[in-house]
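One structure below.
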Amino acid sequence: MFVRRAVAAVRRPEYTGANRCLPCTVVNLAVVAVAAVGLAFAEPVAAAAVAAVGVALVALRGYVVPGTPTLTKRYLPERVLAQFDHAPEPRTKASPGVEPEAALVAARALEPCAGGDDLCLDSLFRASWRAGMRPAAADLDASFRAMLPENVDAPAEISRRGEAVVGTVADTRVAEWPSRAAFVADAAGASALADADKHWGERGFDDRTRLLAGLRLWLDECPLCDGSVELGEDTVESCCRSVPVVAASCTSCGARIFEAPKPEA
33 MFVRRAVAAV RRPEYTGANR CLPCTVVNLA VVAVAAVGLA FAEPVAAAAV AAVGVALVAL
93 RGYVVPGTPT LTKRYLPERV LAQFDHAPEP RTKASPGVEP EAALVAARAL EPCAGGDDLC
153 LDSLFRASWR AGMRPAAADL DASFRAMLPE NVDAPAEISR RGEAVVGTVA DTRVAEWPSR
213 AAFVADAAGA SALADADKHW GERGFDDRTR LLAGLRLWLD ECPLCDGSVE LGEDTVESCC
273 RSVPVVAASC TSCGARIFEA PKPEA
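For what it's worth, our numbering labels the leading residue of the sequence shown as 33, then goes sequentially.
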């Protein structure tokens, strides 16, 4: 009982699991290793204790050196941080032949706008998409599991990382959305596309999230408060770096609907 309470007191879930900052973890493990090696020749027992305690703290807390996220952001090169950073949108490895816009047109989710060459949401698909948003918001875990292909039978759940929503399967992070509203939009979109897209059942999760992220670009009303959605630019603060992004947000509740790294000039 005492050990369990001690572990609970030390644990920092906001810096571990899906929220773990990998550069911070690497830096702290390096600090622990240097300290243990420095003691190894003079005090082998103490060195072993330092290594064991240090690794345990990194596992439970995410770091051993106070202020590590700030120090990491300040001193590690940008190119190094970029290799570890969490992506603004779900990281996907979609099939090379999958083009979201073409697939959404084929599914009749998108159609040519009246009197123009641009694409607009099909009115029937829009109604189906909007109808699924309230049920999707009511149970995030169930909605996430419904987004996965049928052959995925591992435990799947949703967690929060600040404003972001993280999807994990078998304790492995598989996707991240910038807000609950963005996740609800995708979950409802998955339900609508399951009926509209004849290839939906054959698509893997990576292809599905790519199509859903593309569909979200046509969202003009917030899934949670029905406020209008507008496009702009912003800077996203991740665990250890700042990233300029192009972002769509709700003008009423401020929910981030979509964000992507701003193209370099």
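We put the CB at the ideal spot given by N, CA and C, even for glycine.
- Going by DSSP, SER155 is part of the alpha helix (DSSP H) stretching over 155-163.
- Pairwise C-beta distances place the region 205-217 in contact with the region 169-183, as three or more of them are shorter than 8 Å.
- For GLY199, there is no enclosing alpha helix (DSSP H); the enclosing beta strand (DSSP E) covers residues 196-201.
- When DSSP states are grouped into helix, strand and coil, SER260 belongs to the strand group.
- If you look at PHE215, you'll find it in the alpha helix (DSSP H) that goes 212-228.
- Look at the beta carbons and you see the region 278-285 touching the region 252-268: at least three pairs across the two are nearer than 8 Å.
- Looking at SER211, ASP154 and VAL90, the one whose alpha-carbon comes closest to that of ILE289 is SER211.
- With 16 or more other Cβ atoms from the protein chains shown falling within 10 Å of its own Cβ, GLU208 counts as buried.
- For PRO293, the enclosing beta strand (DSSP E) begins and ends at 288-293.
- In the three-state reduction of the DSSP assignment, ARG140 falls in the coil class, being assigned neither a helical nor a strand state.
- For the 8 Å CB-CB criterion, ASP229 and ALA135 form a contact.
- By the CB criterion at 8 Å, VAL82 and ALA62 fall outside the cutoff.
- Under the three-state reduction of DSSP output, GLU133 falls in the helix class.
- Membership of SER191 in any alpha helix (DSSP H) is not indicated; the residue belongs instead to the beta strand (DSSP E) covering 188-193.
- With 16 or more other Cβ atoms inside 10 Å of its own Cβ, VAL206 counts as buried.
- For ALA207, the enclosing beta strand (DSSP E) starts and ends at 204-209.
- Boundaries for ALA146: no alpha helix (DSSP H) harbours it, and the DSSP string shows neither H nor E there.
- Taking every protein chain shown into account, the CB of SER223 has 16 or more other CB atoms within 10 angstroms, so this residue is buried.
- One alpha carbon belongs to TRP232, the other to ALA138, and they sit about 12 Å apart.
- When DSSP reads this structure, GLU253 sits in a beta bridge with SER260.
- From the listed residues GLY286, ALA159 and ALA245, the smallest Cα separation to GLY264 is found for GLY286.
- One thing to note: LEU71 has its Cβ within 8 Å of the Cβ of ALA79.
- In the three-state scheme derived from DSSP, where H, G and I count as helix and E and B as strand, CYS56 is classed as helix.
- Following the DSSP letters along the chain, one finds LEU243 inside the alpha helix (DSSP H) bounded by residues 237-248.
- Beta bridge pairing from DSSP links LEU151 with PRO144.
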